[in-house]
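All the letters of the sequence shown, read from the start, carry residue numbers 4 to 95 under my numbering.
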Amino acid sequence: MITAIVNVACDGRRIPEVAQTLAELDGVSEVYSVTGDVDLVVMVRVREHEHLADVIAGGISRVEGVVSTTTNIAFRAYSRHDLESAFALGVD
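Right, here's the structure in full:
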């Protein structure tokens, strides 16, 4: 599974509508309204790198109200949940 974190700047008057539209796109697992330099953080999860372009350039960037995006690709996921699961299974 490939995870991309997409920071989205959008028209401030349309944040709720943009967020809802993004949440309904295939490949989008979560959408967060956040404080800071961007308005939304979108978690994209796909099986192949080729699908990233479909979701981000072909989907997220084309939603009306999206002004710009910046994408980060995750190398690995670290979380308390992941670590606890690994130790429970006996994985080092």
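Note that CB positions come from ideal geometry on N, CA and C, so glycine has one too.
Exposed unless 16 or more other CB atoms sit within 10 angstroms - verdict on residue i
| i | result |
| --- | --- |
| Asp95 | Reliability of the predicted coordinates at Asp95 is poor, the pLDDT of 49 falling under 50, and the value obtained from them is presented with this limitation in mind. By the neighbour-count rule (16 or more Cβ atoms within 10 Å), Asp95 is not buried but exposed. |
Cβ neighbours of residue i in the same chain (closer than 7 Å, five flanking residues each side left out)
| i | result |
| --- | --- |
| Thr12 | According to the sequence displayed, residue 12 carries Ala and not Thr. Closer than 7 Å at the Cβ level, and outside the excluded window around Ala12, lie Val41, Asp42, Val70, Ser71. |
| Glu33 | Met46 |
| Ser64 | Thr72 |
| Tyr35 | Leu43, Val44 |
Residue i - partner residues in DSSP beta bridges
| i | result |
| --- | --- |
| Arg48 | Thr6 |
| Ala12 | Ser71 |
Cβ shell of residue i (< 8 Å), same chain only, five flanking positions each side left out
| i | result |
| --- | --- |
| Arg17 | Glu67, Gly68 |
| Glu51 | Ile5 |
Exercise for review: Return the chain-ordered ranges of every beta strand (DSSP E) run that is complete within the segment 19-70 and spans a minimum of 3 residues.
Suggested key: 31-36, 43-49
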